[in-house]
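Throughout the sequence shown, residue numbering follows my numbering, covering 160 to 841 in sequence. Even for Gly, the Cβ is constructed at its ideal location relative to N, Cα and C. Here the structure is a predicted model, which is why all the values come from computation and not from measurement. The structure under discussion appears below in the form of structure tokens.
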Amino acid sequence: MIDRITTDKIKEAAQIVDVVSDFVTLKKSGANYKGLCPFHDDRTPSFYVSPAKNYCQCFACGKGGNPIGFIMEHEQLSYPDALRYLAKKYGIQVEERELTAEERAAQMERDSMFILNEWALKWFKDQMYNTMDGRAIGLAYFRQRGFRDDIIEKFQLGFCPKGRDVMTRAALKEGYREQYLVGTGLSIKREDGSVVDRFWGRVMFPWYNIGGKVAGFGGRVLDAATKGVAVKYQNSPESSIYSKRRELYGLYHAKQAIVKMDQVYMVEGYTDVISMHQCGIENVVANSGTALTKEQIHLLHRFTNNITLLYDGDDAGIHAAQRGTDMLLAAGMNVKILLLPDGDDPDSFARKHNAEDFRRYVEQHQVDFLKFKTNLLMSQAQNDPRKLSQLVAEIVTSISFIPDEITRSLYIRETAQTMQMQEQMIHRAVQNQMSKNREEEYKRRNSPQNLPNEIGPSQGENTDTEASLPPEANKDIPAQGFTQQATPQPLPRQVANIQGKSAHGTELLLAQLIVRYGEKIVCEAEDENGNSVPLSVAEFIFYSLAQDGLTFSNPTAQVILDKAIEHIHDEGFVAEKYFLGHHNPQLSQAAFQLSMDKEELSKYHTRGQQLTTDGDRLMEVTTHVLADMKISIVRSKINKVKADLTNSAIPKEEQLKLLAQYKELKDAEKRLAKECGDKVLV
Numbered sequence: 160m161i162d163r164i165t166t167d168k169i170k171e172a173a174q175i176v177d178v179v180s181d182f183v184t185l186k187k188s189g190a191n192y193k194g195l196c197p198f199h200d201d202r203t204p205s206f207y208v209s210p211a212k213n214y215c216q217c218f219a220c221g222k223g224g225n226p227i228g229f230i231m232e233h234e235q236l237s238y239p240d241a242l243r244y245l246a247k248k249y250g251i252q253v254e255e256r257e258l259t260a261e262e263r264a265a266q267m268e269r270d271s272m273f274i275l276n277e278w279a280l281k282w283f284k285d286q287m288y289n290t291m292d293g294r295a296i297g298l299a300y301f302r303q304r305g306f307r308d309d310i311i312e313k314f315q316l317g318f319c320p321k322g323r324d325v326m327t328r329a330a331l332k333e334g335y336r337e338q339y340l341v342g343t344g345l346s347i348k349r350e351d352g353s354v355v356d357r358f359w360g361r362v363m364f365p366w367y368n369i370g371g372k373v374a375g376f377g378g379r380v381l382d383a384a385t386k387g388v389a390v391k392y393q394n395s396p397e398s399s400i401y402s403k404r405r406e407l408y409g410l411y412h413a414k415q416a417i418v419k420m421d422q423v424y425m426v427e428g429y430t431d432v433i434s435m436h437q438c439g440i441e442n443v444v445a446n447s448g449t450a451l452t453k454e455q456i457h458l459l460h461r462f463t464n465n466i467t468l469l470y471d472g473d474d475a476g477i478h479a480a481q482r483g484t485d486m487l488l489a490a491g492m493n494v495k496i497l498l499l500p501d502g503d504d505p506d507s508f509a510r511k512h513n514a515e516d517f518r519r520y521v522e523q524h525q526v527d528f529l530k531f532k533t534n535l536l537m538s539q540a541q542n543d544p545r546k547l548s549q550l551v552a553e554i555v556t557s558i559s560f561i562p563d564e565i566t567r568s569l570y571i572r573e574t575a576q577t578m579q580m581q582e583q584m585i586h587r588a589v590q591n592q593m594s595k596n597r598e599e600e601y602k603r604r605n606s607p608q609n610l611p612n613e614i615g616p617s618q619g620e621n622t623d624t625e626a627s628l629p630p631e632a633n634k635d636i637p638a639q640g641f642t643q644q645a646t647p648q649p650l651p652r653q654v655a656n657i658q659g660k661s662a663h664g665t666e667l668l669l670a671q672l673i674v675r676y677g678e679k680i681v682c683e684a685e686d687e688n689g690n691s692v693p694l695s696v697a698e699f700i701f702y703s704l705a706q707d708g709l710t711f712s713n714p715t716a717q718v719i720l721d722k723a724i725e726h727i728h729d730e731g732f733v734a735e736k737y738f739l740g741h742h743n744p745q746l747s748q749a750a751f752q753l754s755m756d757k758e759e760l761s762k763y764h765t766r767g768q769q770l771t772t773d774g775d776r777l778m779e780v781t782t783h784v785l786a787d788m789k790i791s792i793v794r795s796k797i798n799k800v801k802a803d804l805t806n807s808a809i810p811k812e813e814q815l816k817l818l819a820q821y822k823e824l825k826d827a828e829k830r831l832a833k834e835c836g837d838k839v840l841v
């Protein structure tokens, strides 16, 4: 892991204008800079860079961040890898903390396997270009497929000779260990102890992980050798660096184009991806003929919500187009399907068209998943009532996976119109299916064999980052007693944890105060020993909420409060600098918005004053906003108690208790209203 001192050096050195300028042409605009957004198809400059805040943001698509966040988004790197990228740019030596013996062993194994795969990549290329068989068989195969030399080089294609152990012997001679040859799957150890090549006599397609490292390989039997072969392609086996269910072929080469186009094309095979790149379409990935997995969908969802499934128009293509659709819908993806003309697959179709023609064809012929599924099943049902019933059930099942309520409602309406059925009937069927989905998911999650896999990161996922949104409550903060002058009077105990939407606005105002002035001292409190302790804005808000048993219901506000309390006593802590520089892009973007919205607190600028860093003034404003938040909560509780009192079925004893609660709450309302300057009607 990268230690804190090195991380701080990188953060200090990385200047947002310098970093962004590597990718975007910037022009001076007042105190800031602006340019065309690299994250979407921007025609007028909407991407602003603030040197003062060391932050950037597109005001059209909303993407941006601090230097680390920008590199994470643009290069699709993890937080540690983005730090390493910037360290290399600024010539900073990366110091990483000492790992445990187990961590060192695991890391050494992974590093050794990646190094071996990199050697194998170069060896396969060398065999193809610099041996007679390589040129006559391997290179000739790729050229016969119509691949240009620059595309062959781009995807680092290669060739493994026919000899059973040629590659293995070459690797051992170079000093690579047998355990890593077998571990990566480049070699296979037989029962008799001999070690042979897995990919002998095949053309080679390397699999790059999202960070650009060679994680595995795919090998194809050449056309002359495919007779009687059931499986033309063979992939590296599962290992600590490669899992086919967690990878998508071509994603490393496609990620920037996917982000820019806000769309991804999904195809089946390696050559489909390569041919589409050659015709000028780069936002394409392949699942290599296997069913889509949740891990692959999650990976894609980091880049876009829009996916078009491209398959050939035969029965196999139709079947492939239906696989994984429900999982894509459940992930919130917008799914469209395109079946290419009969006899064409994406590979052959791309070789006949340029990028403009290809995209035009896709736009004109792709259909929404619901229309595709309805048309397909209607043709199969052929007015058979039983089959039509099964058709409706399948469509209802697909709609039930859509998480967005509005989108779901639109599909229900369209289905009802298409099937000439009552919309209410389809709606009830969808609701019933959603209940079944939730029940099945609950059973799955609570199944004993699944519980260990539901916790923690996926294999190979980097864990040396702080918590991300949504937050977990900070349980390590010791409680301190306030003096009477330092905090408002506690609320009635019945009020705790009943926040609703009415409190969200004031919660964000409190978060805004924390971001801008969190470290500023506003008052003093008395600890358990009677000593006077200075309190910052963040601490005052935290303890004021804690004594009433309250937390923020807005997750962003709660993260900001938790992080401020966690770091408030760090040496040199400045809230705005910390939050704008945070590695979590959601958190830094939220902080940027809060720091930019200068007018949000204007209604608290009483007597014509502007909010400054003056302690008394900050104390006044913070107390006022806290009171506003609490009074909204109290009034929500009052309304609930009033509604309960109108229920004649409640026993008299309970009514008396409710009346006592009502009086207590009204007293709290009057007190809070006085602090807020509001009038209360008795």
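Close Cβ partners of residue i (< 8 Å) along its chain, the five nearest in sequence each way excluded
| i | result |
| --- | --- |
| residue 329 | 282 |
| residue 341 | 347, 348 and 354 |
Three-state secondary structure assigned by DSSP to residue i
| i | result |
| --- | --- |
| residue 612 | Residue confidence is low: residue 612 scores 32 on pLDDT, short of 50, so the model does not pin down where it sits. Its coordinate-derived value is still stated next. It is helical. |
| residue 376 | strand |
| residue 424 | strand |
| residue 361 | strand |
| residue 679 | coil |
| residue 236 | coil |
| residue 577 | helix |
| residue 702 | helix |
| residue 787 | helix |
| residue 693 | strand |
| residue 464 | coil |
| residue 743 | coil |
| residue 513 | coil |
| residue 718 | helix |
| residue 208 | strand |
| residue 799 | helix |
| residue 265 | helix |
| residue 230 | helix |
| residue 201 | coil |
| residue 445 | strand |
Cross-strand partners of residue i (DSSP beta bridge)
| i | result |
| --- | --- |
| residue 487 | Partner(s): none; residue 487 has no beta bridge. |
| residue 499 | 471 |
| residue 440 | For residue 440, which the question treats as bridged, DSSP gives no partner whatsoever. |
| residue 220 | BP columns for residue 220 are empty, so no partner. |
| residue 348 | 354 |
| residue 188 | 191 |
| residue 318 | 362 |
Beta-carbon proximity check, residue i vs residue j, cutoff 9 Å
| i | j | result |
| --- | --- | --- |
| residue 452 | residue 486 | yes |
| residue 436 | residue 313 | yes |
| residue 413 | residue 443 | yes |
| residue 367 | residue 380 | no |
| residue 423 | residue 466 | yes |
| residue 292 | residue 332 | no |
| residue 236 | residue 284 | no |
| residue 275 | residue 345 | yes |
| residue 740 | residue 394 | no |
| residue 735 | residue 674 | yes |
| residue 497 | residue 468 | yes |
Beta-carbon contacts of residue i that lie in its chain and below 6 Å, excluding the five residues immediately before and after
| i | result |
| --- | --- |
| residue 681 | 696, 699, 774, 777 and 778 |
| residue 249 | 172 |
Neighbourhood of residue i by C-beta distance below 7 Å, restricted to the same chain and skipping five residues each side
| i | result |
| --- | --- |
| residue 133 | Because the chain in this structure spans residues 160 to 841, residue 133 falls outside the shown range and cannot be described. |
| residue 572 | 582 |
| residue 665 | 784, 787, 788 and 791 |
| residue 408 | 366, 429, 432, 444, 445 and 447 |
| residue 610 | Residue placement at residue 610 is poorly supported in this model, since its pLDDT is 36, which falls under 50; the coordinates still yield a value, given next. There are no such residues. |
Query raised in the report: At a cut of 8 Å, does the segment 342–358 reach the segment 415–430 through at least three beta carbon pairs?
Result: The answer is no - the segment 415–430 does not touch the segment 342–358, with fewer than three Cβ pairs under 8 Å.
**Report entry** Touch test, the segment 399–409 against the segment 365–380, Cβ-Cβ under 8 Å, three pairs minimum
**Finding:** Contact holds: three or more Cβ-Cβ distances are below 8 Å.
Query - the segment 170–180 touching the segment 233–251, judged by at least three CB pairs closer than 8 Å - result: In this structure the segment 170–180 lies against the segment 233–251, because at least three pairs of beta carbons, one per stretch, are closer than 8 Å.
Report task. Taking 8 Å as the threshold, find out whether the segment 214–226 comes into contact with the segment 712–726 through three or more Cβ pairs. Result -> Contact fails: fewer than three Cβ-Cβ distances are below 8 Å.
Query raised in the report: Are at least three pairs of beta-carbons, each pair with one atom in the segment 580–595 and one in the segment 548–559, less than 8 Å apart?
Result: Verdict: yes, contact present.
Query raised in the report: Between the segment 722–732 and the segment 799–818, do at least 3 Cβ pairs fall closer than 8 Å?
Result: A contact is defined here as three or more CB-CB pairs under 8 Å, and the segment 722–732 fails this definition with respect to the segment 799–818.
Requested in this report: Pair every Cβ in the segment 527–534 with every Cβ in the segment 563–577, then say whether three or more of these pairs are closer than 8 Å.
Outcome: Touching, yes.
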